[in-house]
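Sequential numbering of the sequence shown, starting at 1, is according to this note's numbering. Built from N, CA and C at the ideal position, the CB exists for glycine as well. Just so we're clear, the structure is a prediction, and the values are computed from it rather than from any experiment. What follows is a short report on a single structure.
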Amino acid sequence: MVEVHLYGSLRRYAADSRPDRESVGRLEPRPGETVGTLLEWLGISPAEVSHIFLNGTLLFTRNAMAPWLGYQQARAGAPTQDQGLDFPLRDGDRLGLFAQDMAMLVV
């Protein structure tokens with residue numbers, strides 16, 4: 001199973017989107033499943049996503065400062081633009097999907 005945690009306005013894609021509930025989906029990855037194909041299957045446009053975390057590491061962000069802030073990254077290089085959508089998913093992976101309204105703050 002792949003656990004998908006939805007944050008911000010992406011919660012509306014959860015089975016129970018009430019704010020006092022956990023917005024987590026558990027899905028069986030299909031052969032060849034990637035982050036992008038999973039988003040498509042869930043009906044989530046990549047344009048709605050601001051950050052993607054894979055197993056607690058940053059896979060994708062629209063924040064250009066992320067590479068310089070020392071976030072632990074799921075892959076080498078700056079995880080910006082559409083990089084990360086082609087990343088393969090495996091059984092046991094955990095995804096955190098953050099909407100544009102949940103952009104990371106830098107203090």
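Query: Start-to-end residues for the alpha helix (DSSP H) that takes in L38; Result: V35 to L42
Query: Contacts around H5, its chain only, beta-carbon distance under 6 Å, and the 5 residues preceding and following it disregarded; Result: V24 and G96
Query: Cβ neighbours of E28 in the same chain (closer than 7 Å, five flanking residues each side left out); Result: M1
Query: Top-ranked residue by Cα proximity to F53, from A15, R18, F87 and A14; Result: F87
Query: As assigned by DSSP and simplified to three states, the class of L97; Result: strand
Query: Residues that R26 bridges to, as DSSP identifies them; Result: E3
Query: Which of helix, strand or coil DSSP assigns to S50; Result: strand
Query: Three-way DSSP call (helix, strand, coil) for L69 in this model; Result: coil
Query: Whether L85 touches G36 by CB criterion (8 Å); Result: yes
Query: F60: first and last residue of the uninterrupted beta strand (DSSP E) it sits in; Result: T57 to T61
Query: One or two residues paired with P88 in a DSSP bridge; Result: T34
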